[in-house]
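Report on one structure; see the data block that follows.
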Amino acid sequence: MNYSKPSNFLNIPIYQKALDIIMLSRSISTYLNQDLCGLNRDGSENNDIYFTGDIIQQSTCLAPEIINAERERFSEKKYKHIQSLDKLTYRLYKNCRRLENTKSNGRDYLPILRNELKKFKKLQRTWMLTL
């Protein structure tokens with residue numbers, strides 16, 4: 000996906016934080032995949048590997064929701080995009096928690112992502128007041 004949007008979105012701190020979260024989640028997912036892609040001793044696959052894809056998918060959806068909320072003229076529709084952001088950040092946070100319980104060296108990086116999500120939520124609160 001191409002995230003190059005008009006420069007006015009790049010000046011919005013929450014949008015910039017969303018882009019940071021995308022990059023961070025991709026890096027962490029790549030690192031975790033190396034440890035989780037192998038089969039378990041009984042020959043089954045490690046189901047935790049799917050959460051790595053989930054964090055990428057959810058983080059990738061953050062920036063477009065911000066853009067959609069910014070572009071929306073009606074407050075009801077803005078609110079729907081804000082609700083989507085809330086759901087995405089909640090799911091992203093939960094999947095980070097799940098991945099922290101895996102047997103991977105990459106799980107040490109997940110608190111960094113959770114910390115960035117906390118910063119994102121703070122930015123989201125102030126951003127919502129400007130809409």
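Residue numbering for the sequence shown follows numbering that gives the first Met the number 0, starting at 0 and increasing by one per position.
Heads up, the beta-carbon is just placed ideally off N, CA and C, and yes, glycines get one too.
For residue i, count the other beta carbons within 10 Å of its own beta carbon; 16 or more makes it buried, fewer makes it exposed. Which is it?
i      : result
ASN10  : exposed
SER135 : Any answer about residue 135 is impossible in this case: the structure gives the chain only from 0 up to 130.
ILE111 : exposed
SER24  : buried
LYS86  : exposed
Once DSSP output is grouped into helix, strand and coil, what is the label at residue i?
i      : result
GLN15  : helix
LEU109 : helix
GLU99  : helix
PHE8   : helix
LEU130 : coil
List the DSSP bridge partners of residue i.
i     : result
LEU38 : GLU44
For the alpha helix (DSSP H) that residue i lies in, which residues bound it at each end?
i     : result
GLU71 : Careful: GLU71 lies outside any alpha helix (DSSP H) and carries neither H nor E.
(request) Indicate whether the contact test is met: 3 or more Cβ pairs, each with one atom in the region 110 to 130 and one in the region 82 to 93, closer than 8 Å. (result) By the Cβ rule, the region 110 to 130 counts as touching the region 82 to 93, because three or more pairs are nearer than 8 Å.
(request) Take every Cβ of the region 44 to 57, pair it with every Cβ of the region 94 to 107, and state whether three or more of those distances are shorter than 8 Å. (result) Because the criterion of three Cβ pairs below 8 Å is met, the region 44 to 57 and the region 94 to 107 touch.
(message) Pairs of beta-carbons, one from the region 31 to 38 and one from the region 47 to 57, closer than 8 Å: are there three or more?
(response) As far as the Cβ criterion goes, the region 31 to 38 touches the region 47 to 57, which means the pair count is three or higher.
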